[in-house]
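Participant: Each residue of the sequence shown is one higher than the last, beginning at 76 in this note's numbering. Even for Gly, the Cβ is constructed at its ideal location relative to N, Cα and C. On a predicted model such as this, the values are computed, not experimentally measured, just so you know. Here it is: the structure, laid out below.
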Amino acid sequence: MPARPGRHPGADRGGPVDLDRARRILVVRADNIGDVVTTTPALRALRAAAPHAGIDLLASPAGAQVAPMIPELDGTLATSASWQQLPGAGGADAGAEHALLERIGAGGYDVLLVLTSFSQSPWPVTHLGLLAGIGTRVVHSREFGGAVATHWVTPPPDGTHQVDRALHLLAAIGVPDRGRWTALTVPADARHRAADLAADLADRPFALLAPGASCSARRYPAERFGAAAAQLARAGLPVLVTGAEKEAELVARVVAAAAHPDVRPVPPVPLAVCTALIDRAAVAVTNNSGGMHLADAVRTPVAVAYAGTETPDELRPRSTAAALLGRAVPCSPCRQLRCPYGHECLDVPPGTVAAAALDLARHATATHDLPEEDPCAVPATP
Ligand code: SF4
Numbered sequence: 076m077p078a079r080p081g082r083h084p085g086a087d088r089g090g091p092v093d094l095d096r097a098r099r100i101l102v103v104r105a106d107n108i109g110d111v112v113t114t115t116p117a118l119r120a121l122r123a124a125a126p127h128a129g130i131d132l133l134a135s136p137a138g139a140q141v142a143p144m145i146p147e148l149d150g151t152l153a154t155s156a157s158w159q160q161l162p163g164a165g166g167a168d169a170g171a172e173h174a175l176l177e178r179i180g181a182g183g184y185d186v187l188l189v190l191t192s193f194s195q196s197p198w199p200v201t202h203l204g205l206l207a208g209i210g211t212r213v214v215h216s217r218e219f220g221g222a223v224a225t226h227w228v229t230p231p232p233d234g235t236h237q238v239d240r241a242l243h244l245l246a247a248i249g250v251p252d253r254g255r256w257t258a259l260t261v262p263a264d265a266r267h268r269a270a271d272l273a274a275d276l277a278d279r280p281f282a283l284l285a286p287g288a289s290c291s292a293r294r295y296p297a298e299r300f301g302a303a304a305a306q307l308a309r310a311g312l313p314v315l316v317t318g319a320e321k322e323a324e325l326v327a328r329v330v331a332a333a334a335h336p337d338v339r340p341v342p343p344v345p346l347a348v349c350t351a352l353i354d355r356a357a358v359a360v361t362n363n364s365g366g367m368h369l370a371d372a373v374r375t376p377v378a379v380a381y382a383g384t385e386t387p388d389e390l391r392p393r394s395t396a397a398a399l400l401g402r403a404v405p406c407s408p409c410r411q412l413r414c415p416y417g418h419e420c421l422d423v424p425p426g427t428v429a430a431a432a433l434d435l436a437r438h439a440t441a442t443h444d445l446p447e448e449d450p451c452a453v454p455a456t457p
């Protein structure tokens, strides 16, 4: 790979990797649930190229919850990575870094593949990989990293969809994509648990509302979600409201705001059970968050209160019918965790959210079968 004009002469280093000879591969995606879901097309391609290798995922504790639904994976290395911590999260701890280095070293990996969003640095974990003795280390970066990576690839433009960004890195080492749709395999026990949770609805269609998100800037107000849920219930579509354990109060606020007997909370359940519930639902209602990606991966239509924190093209669902609801604002994409203004981008009437969800539930021709052909017409950006 010759360096592109304007790039550091050391950039675009590396070439095809013979993954057929790889024994152990460590894939890194250390942020949130939805980000791990967007790696599934890359993991599918990787598994096809390295059928004999063990493939592990280094993920955050939240992201690691997705791993049991990704059949291409053999194991998970969950860690609260220092290079992903936000201010106020406790800071880095040297002992934890040494422990992580030991865990990576004990894995006996020969290939490290670091998947990132445009704003994340691959270098801290790649340096750990170097210290752990991983011989092949593949990263996207615009910044110089010396010899820390063996394969230093210029990333695609910042607004590239996360699925395509990950596949771009694989293409740079000679791995073709095997379809650009996200997919999860929900375990049978999770399906049974979901069926129990929805048993009182018999076979009635229902909406699954997931009001949570990793930061407040991405959260549609609970009272407005509640008003939308009440409208859905009045239209004959019961609503189950779900969230992680730490979101119990948020779920309770949505249900209280709805004040309708057909809007009820689901007790906190493992992510696989939540995904099974989404799979059963006629429509999901979410923020631009993990719930949106889970719905996309199981082909459930989804109405999304989409904050202006990111551009839709980076993350939008592409495998299921979706309505992205938000107001165009000049401050988008802001990348903020907390809106410094009045959250104008999410100033969407609850009636609009409810109408979009009802329309999707009534008219979307979503299939729960995986597509035989890639439904995403976005070309690779090698
Ligand atoms: S209103 Fe602007 S600054 Fe606030 S969350 Fe939306 S896009 Fe970001």
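(1) Roughly how many angstroms separate the alpha carbons of threonine 386 and alanine 285, rounded to a whole number?
(2) Please go through the region 111-160 and give each complete beta strand (DSSP E) segment of 3 or more residues, from N-terminal end onward.
(3) Check the C-beta distance from glycine 150 over to isoleucine 108 and give it rounded, since I have them as a contact under 8 Å.
(4) Can you tell me whether DSSP reads histidine 173 as helix, strand or coil?
(5) Return yes when the C-beta of proline 296 is under 7 Å from any heavy atom of ligand 1, and no when it is not.
(6) If you pair each beta-carbon of the region 362-377 with each one of the region 282-301, do three or more pairs fall below 8 Å?
(7) Check whether the Cβ atoms of proline 340 and valine 326 lie closer than 8 Å to each other.
(8) Which residues neighbour ligand 1 when neighbourhood means a C-beta less than 6 Å away from any of its non-hydrogen atoms? List them by chain order.
(9) What span of residues does the beta strand (DSSP E) with valine 214 cover, start to end?
(10) Which same chain residues, not among the five before or five after proline 231, have their C-beta less than 8 Å away from its C-beta?
(11) Is valine 341 helix, strand or coil when you go by DSSP?
(12) Look at arginine 402 and valine 428 and say whether their C-beta atoms are less than 8 Å apart.
(13) Is arginine 82 helix, strand or coil by DSSP?
(14) Alpha carbons only, please: which of Glu298, Ala436, Val186 and Ala397 is nearest the one belonging to alanine 124?
(15) Three-state secondary structure (DSSP) at arginine 104?
(16) Taking histidine 37 as the reference, give the member of Thr191, Tyr295, Ala282 and Val344 with the closest Cα.
(17) Using the Cα positions of proline 251 and valine 330, report the straight-line distance between them to the nearest angstrom.
(18) Distance, Cα to Cα, leucine 153 vs glycine 234?
(19) What does valine 228 pair with, by DSSP beta-bridge criteria?
(20) Taking the beta carbon of cysteine 420 as the centre, do at least 16 other beta carbons fall within 10 Å, making it buried, or is it exposed?
(21) In three-state terms, what does DSSP make of valine 404?
(22) Per the DSSP calculation, leucine 187 is bridged to which residue(s)?
(23) Measuring straight from C-alpha to C-alpha, what distance separates leucine 259 and histidine 83?
(24) Please confirm whether alanine 398 and alanine 378 have their CB atoms less than 8 Å apart.
(25) Using the three-state DSSP reduction, which class does alanine 167 fall into: helix, strand or coil?
(26) When you compare only the Cα positions, how much space is there between alanine 273 and arginine 294?
Facilitator: This is what the structure holds:
(1) CA-CA distance, threonine 386 to alanine 285, rounds to 21 Å.
(2) If only uninterrupted beta strand (DSSP E) runs of at least 3 residues are considered, those enclosed by the region 111-160 are 129-134 and 150-153.
(3) Rounded, the Cβ-Cβ distance is 18 Å, inconsistent with contact.
(4) Note: histidine 173 maps to helix in three-state DSSP.
(5) The answer is no for proline 296.
(6) The region 362-377 is in contact with the region 282-301.
(7) Yes; because the gap between Cβ atoms is below 8 Å, this pair is in contact.
(8) With 6 Å as the limit between CB and the heavy atoms of ligand 1, the residues that fall short of it are Ala292, Ala382, Gly383, Thr384, Val404, Cys406, Ser407, Cys409, Gln411, Cys414, Pro415, Tyr416, His418, Glu419 and Cys420.
(9) Membership of valine 214 in the beta strand (DSSP E) is indicated by the continuous run 211-215.
(10) In its chain, beyond the 5 residues on either side, Asp239, Arg240, His243 and Thr456 have a beta carbon closer than 8 Å to the beta carbon of proline 231.
(11) Coil, per DSSP.
(12) With contacts defined by Cβ atoms closer than 8 Å, arginine 402 and valine 428 do not form a contacting pair.
(13) Reduced to three states, the DSSP call for arginine 82 is coil.
(14) The shortest Cα separation from alanine 124 among Glu298, Ala436, Val186 and Ala397 belongs to Val186.
(15) Assigned with DSSP and collapsed to three states, arginine 104 falls in coil, not helix or strand.
(16) The chain is shown only over 76 to 457; residue 37 falls outside these bounds and no answer can be derived.
(17) Pairing proline 251 with valine 330, the inter-Cα distance amounts to about 46 Å.
(18) The sequence shown places alanine at residue 153, not leucine. Alanine 153 and glycine 234: Cα-Cα distance of roughly 28 Å.
(19) His215.
(20) Buried, because 16 or more other Cβ atoms sit within 10 Å of the Cβ of cysteine 420.
(21) Correct three-state label for valine 404: coil.
(22) In the DSSP output, where bridge partners are listed per residue, leucine 187 has Leu101 and Arg212.
(23) Just so you know, the alpha carbons of leucine 259 and histidine 83 end up roughly 39 Å apart.
(24) Against a cut-off of 8 Å, the Cβ pair of alanine 378 and alanine 398 comes out as a contact.
(25) Residue state, collapsed to three classes: coil.
(26) In this structure, the alpha-carbon of alanine 273 lies about 25 Å from that of arginine 294.
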